[in-house]
């Protein structure tokens, strides 16, 4: 597998922040790979995603895309290859689902070019992939939480990137919506060969979706390995501060939380 | 599924038809406002007299119409269009429908700078818009600098910044009024916003920045649409968010400066026109920009006609009238949009 997007000894800091939110992270996302990013709140998941998207300039270290420093890749070229969906995306009132998804074609179009046949096909495919055809004329703010999330995923899919960076796409969804969303993501990955880096709160979801799980702890990469290796009882205790048993059942990783781990072993 | 499709298509068609009808109504209103504005005043004319008097140079009223009324109507339309467009651009740049060149201090900045130019270079009226532009862009730069990074761009923060900057600029204006008390009447008309003494030179003065600003804004309609998404999504789509925001506000300042240079401190048009028409236009700039220009032009022309007719032969300042209309509308928007 070839390395597509990589962080090399990356340090990231938000403007005006006192400390680095991401510290000395080296990590590689390979072609057509799904990696789940897990870690407690404030461990630097969103910041790392912003850094890998080129939105936040490294304080030190670098991000590379196909070996080229990301800061040297022009914005539009970058947008053609990497799409990022933030945790709480926002769009103006009255924007329809179809208009929102069409925004995904922005980097593909010339300054004054109308939506071409290829753009329309990509939009239709994205609408179909996330089951949005019936909702296409609805205003985004009238949708339910799950529908809205699908509409935004339609946008990044219509962008036709190679790499998709998703920030907690299942947060605030109910159980069935989560299940459906993860199935849709897995299908998009299968059918298009997309590389996905998805931050998730639920460890079982992470293990079910991803080929590798990257664990962040206080801004540092604690571990990045296949799900069973990354999600050990020791990891859960050190990183999440809980005592847990990790089992494998019918091919799925099951995490049985037993209670808070006290005292917390310091690293 | 098939039936749902058909129904959705029909709904879109009806919506489009309603919108076309509304746009047509707005154009009619604009023409009516132009007509009213041209015929009302110290000597009122009936519509049929208007056309004949305008075309017949032998008519005794021809000179008044051609040299006083017509430039005034055109100035009103251009000032209104410029302020309406400026409002849309500022609202998009700060991603807040409650923004307005007046509230952000752009109008006050441009006005203070224009007054300085009038006092300092009385022989160079063409210099006024350029200096006003520089003054109008200052508060925008300050606001964008203050709302950078992780800090929230809430409406409160924005309006408070505007209040602070306005206080500064109005202090400057008051200082000029104090030291040049001999010219106070002319300045008073400027501060309250008035179209009472405009001529063809003023039409030319405001036409250039308005046309330029309109062209710029229309050309950037699609990036402006993307700017209305959150910052992370817009960046992910390849838009350079900061420069684009700054560019949009520069064009907004250019438009406001043009308007201020001929009409003085006219407020609230940039708030009222886009917000009243947003429901009709939808969130896309390609529709919103022309409609906001149309709405702003209609609003200012109607207000100017009313200002002349309401207390004839006395003339009310159009800026004051617009503020009386705009301030309650602003309160209404605050009530509706700020949680």
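Residue numbers (our numbering), protein chains in the order written: chain Y, 23 to 289; chain F, 2 to 340. Just so it is clear, CB atoms sit at the ideal spot from N, CA and C, and this is done for glycine as well. The model shown is predicted, which means the values in this text are computed figures rather than measured ones.
{"query": "Give a single yes or no on whether residue 195/Y has its beta carbon closer than 8 angstroms to a heavy atom of the ligand ATP.", "result": "Ligands in the displayed structure: none, and consequently the ligand ATP is not present."}
{"query": "Mark residue 24/Y as exposed unless 16 or more other C-beta atoms lie within 10 angstroms of its C-beta, in which case mark it buried.", "result": "exposed"}
{"query": "Please classify residue 158/Y: does DSSP put it in a helix, a strand, or coil?", "result": "coil"}
{"query": "So, does the CB of residue 60/F fall closer than 9 angstroms to a CB anywhere in chain Y?", "result": "no"}
{"query": "Anything in the stretch 96-113 of chain Y with a Cβ closer than 9 angstroms to a Cβ of chain F? List those residues in chain order, please.", "result": "96, 97, 98, 99, 100, 101, 102, 104, 105, 106, 107, 108, 109, 110, 111, 112 and 113"}
{"query": "So, are the CB atoms of residue 105/Y and residue 207/Y less than 9 angstroms apart?", "result": "no"}
{"query": "Taking C-beta to C-beta, are residue 217/Y and residue 27/Y nearer than 9 angstroms?", "result": "yes"}
{"query": "Taking buried to mean at least 16 other C-beta atoms within 10 Å of its own C-beta, is residue 286/F buried or exposed?", "result": "buried"}
{"query": "Grab me the residues of residue 20/F's own chain with a C-beta within less than 7 angstroms of its C-beta, minus the 5 sequence neighbours each way, in chain order.", "result": "281"}
{"query": "Use the C-beta contact count for residue 198/F: other C-beta atoms within 10 angstroms, 16 or more gives buried, fewer gives exposed.", "result": "exposed"}
{"query": "In angstroms, rounded to a whole number, what distance separates the CA positions of residue 163/Y and residue 243/F?", "result": "26 angstroms"}
{"query": "CA-CA distance, residue 334/F and residue 165/Y?", "result": "24 angstroms"}
{"query": "Please report the Cβ distance between residue 136/Y and residue 234/F, rounded to the nearest whole angstrom; I am assuming they are in contact, meaning their Cβ atoms lie under 8 angstroms.", "result": "Not confirmed; about 22 angstroms, so no contact."}
{"query": "Suppose contacts are defined by Cβ-Cβ distances below 9 angstroms. Is residue 29/Y in contact with residue 81/Y by that definition?", "result": "no"}
{"query": "From the DSSP output, in three-state form, read off residue 95/Y for me.", "result": "coil"}
{"query": "Taking the alpha carbon of residue 180/Y as the point to measure from, which residue in 125/Y, 231/Y, 266/Y and 227/Y has its own alpha carbon closest?", "result": "125/Y"}
{"query": "Relative to the alpha-carbon of residue 366/F, which residue among 111/F, 143/F and 299/F has its alpha-carbon at the smallest distance?", "result": "In this structure chain F extends from 2 to 340, so residue 366/F is not present and cannot be described."}
{"query": "Tell me the DSSP secondary structure of residue 26/Y in three-state form.", "result": "strand"}
{"query": "Counting only Cβ-Cβ distances shorter than 8 angstroms, please list the residues of the stretch 113-141 of chain Y near chain F, keeping chain order.", "result": "113, 114, 115, 116, 117, 121, 125, 126, 128, 129, 131, 133 and 134"}
{"query": "Across which residues does DSSP place residue 270/Y in a beta bridge pair?", "result": "275/Y"}
{"query": "Mind checking whether residue 330/F and residue 277/F have CB atoms under 9 angstroms apart?", "result": "yes"}
{"query": "Taking 7 angstroms as the limit between beta carbons, can you name the residues of its chain near residue 3/F, skipping five residues before and five after?", "result": "No answer about residue 3/F holds up, because its pLDDT of 46 lies below 50 and its placement is not dependable."}
{"query": "Would residue 87/F pass as an interface residue toward chain Y - the criterion being a Cβ-Cβ separation below 9 angstroms?", "result": "no"}
{"query": "I'd like the list of long-range same chain contacts for residue 288/F, defined as Cβ closer than 6 angstroms, with 5 residues on each side in sequence excluded.", "result": "282"}
{"query": "Note down the Cα distance separating residue 150/F from residue 336/F, rounded to an integer number of angstroms.", "result": "Caution applies to residue 150/F, whose pLDDT of 49 falls short of 50 and renders its modelled position unreliable; the value that the coordinates give is listed next. Computed Cα separation, rounded: 28 angstroms."}
{"query": "So, for residue 246/Y: in the same chain, excluding its five sequence neighbours on each side, which residues have a beta-carbon less than 8 angstroms away from its beta-carbon?", "result": "49, 57, 234, 235, 236, 237 and 252"}
{"query": "Just the Cα atoms here: how many angstroms apart are residue 245/F and residue 323/F?", "result": "31 angstroms"}
{"query": "Is there a Cβ of chain Y sitting closer than 9 angstroms to that of residue 159/F, yes or no?", "result": "no"}
{"query": "Using a Cβ distance threshold of 8 angstroms, determine whether the stretch 250-269 of chain F contacts the stretch 46-60 of chain F, with at least three qualifying pairs required.", "result": "no"}
{"query": "Checking contacts by CB at 9 angstroms: is residue 284/F closer than that to chain Y?", "result": "yes"}
{"query": "Can you pull the chain F neighbours of residue 190/Y, defined as C-beta to C-beta under 8 angstroms?", "result": "Going along chain F, no residue has its Cβ under 8 angstroms from residue 190/Y, so there is no contact; the nearest lies around 13 angstroms."}
{"query": "Looking at the secondary structure, which residues open and close the alpha helix (DSSP H) in which residue 188/F lies?", "result": "185-193"}
{"query": "Which runs of the alpha helix (DSSP H), 4 residues or longer, sit entirely within the stretch 200-255 of chain Y?", "result": "225-231 and 249-252"}
{"query": "Which residues in chain F have a C-beta closer than 8 angstroms to the C-beta of residue 77/Y? List them in chain order.", "result": "233, 236 and 237"}
{"query": "Can we say the stretch 295-308 of chain F touches the stretch 99-114 of chain F, given the rule of at least three CB pairs closer than 8 angstroms?", "result": "no"}
{"query": "Going by CA-CA distance only, name the one from 165/F, 73/F, 118/F and 72/F that's closest to residue 105/F.", "result": "165/F"}
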